[in-house]
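So my numbering is basically just the index in the sequence shown, starting at one, shifted up by 9.
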Amino acid sequence: MLEPLAPIGRDPDTDGYVRDAWSPAEMELREWFAGEAARRGLDLREDRNGNLWAWQGEPGPGRPGVVTGSHLDSVRQGGAYDGPLGVASAFAALDLLRARGVTPARPLGVVCFTDEEGARFGVPCVGSRLLTGALDPARALALKDDDGDTLADVLTKAGRDPGRLGRDDETLSAVGTFVELHVEQGRGLVHEGRPVGVASAIWPHGRWRFDFRGQANHAGTTRLADRDDPMLPFARMVLAAREAAARLGVVATVGKVRVSPGNANAVPGQVSAWLDARGAGERDVRALVRELAEGAHAAVAEESWTPVVSFDEALRDRLARVAGGDGTPAPVLPTGAGHDAGILATAGVPSAMLFVRNPTGVSHSPDEHAEQADCEAGVVALADVLEDLCR
Ligand code: GLV
Ligand code: MN
Ligand code: MN
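Here is the structure:
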């Protein structure tokens, strides 16, 4: 099922995927989703925030469904599995249930959330955050991409009505339970020697923008003593982040930097850098960001924050039992990666996640991988879980 997706948004030079939300590549993937839904006779809907839902059976008031799925956008130069594996597995699990002759007693939905990665506009999980009211629609609409286009501009160009964005209780009330299958973004399952695991929690995490301002000036004629070079405090901040992260037992990353105007022969006028910080303890993550912000001589803005997510324990244990097949329960693992399932869990929707073993442990990179047999084990586990939840 992933084969027809392989060329979409692929950079032939790197084998990486570039699938920004609402880009031609992501629009093509949305078309694929619609086609898969139609082939199975599912009822396709796009909600007010651009999330796609394909239903088997009609959810309604007092009759919420069981939903599974993930996202189809990617980070820049990402792998083939982060997102698409969860969506393809959702359709495949539905096929398997049909092949088994199972008639679910509850409506069953497949979802594709919009802009999970936040690669284009900076804020992750835009679709699920808008759906649950965790992101203010006015703020979302004003977010800008690298070309200076706002989300409002981009939605309008895609034929969507930006005025419709916002919390969507009708759509949300249809989701009784949400299960997201995802490629593992580490090597926990490799160490466990198991193809499928279950998520226990998502670390608290956030993104902060640091703007270092200085004075653009000539690289040859400006004496060192006369320079106001924002690259220097930026460099100190990167090193300080690494040192503080090690001391506090968290992780901190600067993976995106914008230097302007960007001349090789000029001192820059401004450096903007994005800090991603995560850890098991919210206090330590907050302490790191506070320390860096105080020492940085920069304007600091919090672009997103996701508190710790502890998945519903009863649901988690039920999944681990069922996904373990006839053997011992599937291993239960925490993760430092963010997911739409975390946003839904925070909004009070009973949610859970299945992970599929990733032999490289690498993710957000073309080296991300999952073996065919493990993907199939993931589909079987997901089908078992859905069958159990739909009883
Ligand atoms: C999404 O994958 C994230 O963890 O940032
Ligand atoms: Mn991701
Ligand atoms: Mn993902």
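Note that the Cβ used here is the ideal one computed from N, Cα and C, for glycine as well.
Can you check whether the CB of residue j is closer than 9 Å to the CB of residue i?
i: A273; j: A323; result: no
i: D82; j: L150; result: no
i: A296; j: L257; result: yes
i: E201; j: P340; result: yes
i: W64; j: L140; result: no
i: G185; j: V75; result: yes
i: V205; j: D335; result: no
i: F221; j: S281; result: yes
i: F243; j: V266; result: yes
Count the other CB atoms within 10 Å of the CB of residue i; is the residue buried (16 or more) or exposed (fewer)?
i: E125; result: buried
i: T369; result: exposed
i: G357; result: exposed
i: S372; result: buried
i: R109; result: exposed
i: V260; result: buried
i: S360; result: buried
i: T123; result: buried
i: Q194; result: buried
i: P13; result: exposed
i: D349; result: buried
i: L363; result: buried
i: L174; result: buried
i: E67; result: exposed
i: P16; result: exposed
Report yes if the C-beta of residue i is less than 8 Å from at least one heavy atom of ligand 1; otherwise report no.
i: V132; result: no
i: V259; result: no
i: V84; result: yes
i: E126; result: yes
i: D285; result: yes
i: A143; result: no
i: D91; result: yes
i: G345; result: yes
i: H214; result: yes
Taking 8 Å as the cut-off, does the CB of residue i come closer than this to any heavy atom belonging to ligand 3?
i: G59; result: no
i: G95; result: yes
i: H191; result: yes
i: S98; result: no
i: S374; result: no
i: H348; result: yes
i: H80; result: yes
So if DSSP puts residue i in a beta bridge, which residue, or which two residues, is it bridged to?
i: F364; result: H191 and G206
i: E311; result: W217
i: F122; result: H80
i: G74; result: V184
i: Q65; result: L117
i: L284; result: W217 and V263
i: G87; result: Y26
i: T159; result: K153
With a threshold of 8 Å (Cβ to nearest heavy atom), would residue i be considered close to ligand 2?
i: A361; result: no
i: Q194; result: yes
i: G87; result: yes
Subject >> Complete runs of the beta strand (DSSP E) confined to the stretch 294-344 [at least 3 residues] >> reply: 308-315 and 341-344
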